[in-house]
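Undergrad: Going left to right, the sequence shown walks through residues 1 to 138 as full-length UniProt numbering numbers them. The beta carbon of each residue, even a glycine, is placed where N, CA and C say it ideally should be.
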Amino acid sequence: MAKQRGRVITKYDIADLSGKAYLKSMTPATIQSGFRKAGILRFDPTKVPTEMIVPSKSFPKIIPELPISTMKELLDEKLMETAPKAKLEKPKANKNKTQDKKKKPKMGGKAITEDSTYFLLLEYQQQREENSTKEKNN
Numbered sequence: 001m002a003k004q005r006g007r008v009i010t011k012y013d014i015a016d017l018s019g020k021a022y023l024k025s026m027t028p029a030t031i032q033s034g035f036r037k038a039g040i041l042r043f044d045p046t047k048v049p050t051e052m053i054v055p056s057k058s059f060p061k062i063i064p065e066l067p068i069s070t071m072k073e074l075l076d077e078k079l080m081e082t083a084p085k086a087k088l089e090k091p092k093a094n095k096n097k098t099q100d101k102k103k104k105p106k107m108g109g110k111a112i113t114e115d116s117t118y119f120l121l122l123e124y125q126q127q128r129e130e131n132s133t134k135e136k137n138n
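1. Within the continuous alpha helix (DSSP H) that includes alanine 21, where are the two ends?
2. Do lysine 106 and isoleucine 124 count as a contact pair if the criterion is CB distance below 7 Å?
3. Would you give the residue range spanned by the alpha helix (DSSP H) that glutamate 114 belongs to?
4. Taking the alpha-carbon positions, what's the arginine 36 to glutamine 4 distance?
Printed below as a string of structure tokens:
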């Protein structure tokens, strides 16, 4: 500021100026003198009896809580207990519809103009047409 007298201070200059002042004022000596002026002294364990030291009340011990069930969960549990037990049957595979299904070839990152990729697509289309004609005939 002393170098640029008469210059208007804008809101953009405030951070720069306050940062410089803060760094100059925040020395260990000024911090200690501030505590002394406020009456805050170093802790002397010999002057405080151990009976006077108690745990902090502002940060109580954390007591683990039991999980709280929602009404829906409680009703579901009750329904599961009272519902009749039914035997679960495994679904049987249908032997008539077992087909050799071919998955669509993945073309990611491959040029579709190459011969090998083109033949894979043709093979897939033929397989698909064969499967659809078999399904129509059955």
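TA: This is what the structure gives:
1. From DSSP, the alpha helix (DSSP H) with alanine 21 extends over 11 to 25.
2. For clarity, residue 124 is tyrosine in the given sequence; the question names isoleucine instead. Not in contact: tyrosine 124 and lysine 106 (Cβ atoms no closer than 7 Å).
3. Looking at the DSSP string, glutamate 114 is not in any alpha helix (DSSP H), and its letter there is neither H nor E.
4. Pairing arginine 36 with glutamine 4, the inter-Cα distance amounts to about 37 Å.
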